[in-house]
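Heads up: the structure comes next, in structure tokens.
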Amino acid sequence: MTHLKYAVIGTGAIGGYYGARLQQAGCDVHFLLRSDYEHVQQHGLVIDSIDGDFTLPKVNAYRVPSQIPPVDVAIVALKTTHNHRLSALLPTLKPGGAVLSLQNGLGIEADIAQQLKQRPENDQNNDQNNDQNNDQNNSQNNSPNNSFLDNQNNRSENS
Numbered sequence: 015m016t017h018l019k020y021a022v023i024g025t026g027a028i029g030g031y032y033g034a035r036l037q038q039a040g041c042d043v044h045f046l047l048r049s050d051y052e053h054v055q056q057h058g059l060v061i062d063s064i065d066g067d068f069t070l071p072k073v074n075a076y077r078v079p080s081q082i083p084p085v086d087v088a089i090v091a092l093k094t095t096h097n098h099r100l101s102a103l104l105p106t107l108k109p110g111g112a113v114l115s116l117q118n119g120l121g122i123e124a125d126i127a128q129q130l131k132q133r134p135e136n137d138q139n140n141d142q143n144n145d146q147n148n149d150q151n152n153s154q155n156n157s158p159n160n161s162f163l164d165n166q167n168n169r170s171e172n173s
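All residue numbers for the sequence shown refer to our numbering, where the first residue is 15 and numbers rise by one.
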């Protein structure tokens, strides 16, 4: 069984809670911290919850995103006013990795997608990924099962 590796970007009330619950469940979680880094290193990650307070005495805490190992899932729990910094804050995603937003607001997915496109590692892999995507798109276009977005685009063009 393969275990996913997670990174929490924004280890405040929301990110800290969900990251801590994942770690409690045995997941490999890495937390990006700013001002609380020293406190968490000394005292652990303290969670106050209606479901019961708990402390994780040892967490993988980082000040610098580039020190976080490549992850399968990056959990974004920043305030949306910091989304313009995501391209610099997100750790390296493994191939097929995902970004999960725990943010509230409209248009957040587009903001995050734009920030992902601006990441330096995307420049290195664009040619290879474009070739793979073209091969996949060609095989998918011959299939009766188009994606949800393709179906939505076809509806708007035909309206």
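By construction, the Cβ of each residue, glycine as well, lies at the ideal position given by its N, Cα and C atoms.
Excluding the 5 residues flanking residue i on each side, which residues of the same chain have their C-beta closer than 6 Å to its C-beta?
i: His44; result: Ala21, Asn74, Ile82
i: Asp125; result: Asn97
i: Gln129; result: Leu100, Ser101
i: Lys19; result: Asp42, Val85, Asp86
Would you identify the three-state DSSP class for residue i, choosing helix, strand or coil?
i: Asn118; result: coil
i: Lys93; result: coil
i: Val78; result: coil
i: Ile64; result: coil
i: His44; result: strand
i: Asp50; result: coil
Taking 7 Å as the limit between beta carbons, can you name the residues of its chain near residue i, skipping five residues before and five after?
i: Gly24; result: Val90, Ala91, Leu92
i: Gln37; result: Val43, Leu70, Val73
Inspect the beta-carbon positions of residue i and residue j and report whether they are closer than 8 Å.
i: Leu29; j: Leu116; result: In the sequence on display, residue 29 carries Gly and not Leu. It is a contact, given that the beta carbons lie within the stated cut-off.
i: Pro105; j: Pro84; result: yes
In chain order, what residues of the same chain have a beta carbon less than 8 Å from the beta carbon of residue i, not counting five sequence neighbours either side?
i: Tyr32; result: Val22, Ile89, Ala91, Leu116
Please report how far the alpha carbon of residue i lies from the alpha carbon of residue j, in whole angstroms.
i: Pro79; j: Gly58; result: 19 Å
i: Arg35; j: Gln132; result: 31 Å
i: Leu107; j: Arg48; result: 21 Å
i: Val113; j: Val87; result: 6 Å
i: Phe68; j: Gly121; result: 34 Å
i: Leu46; j: Gly40; result: 19 Å
Pull the bridge partners of residue i from the DSSP assignment, please.
i: Leu70; result: Leu59
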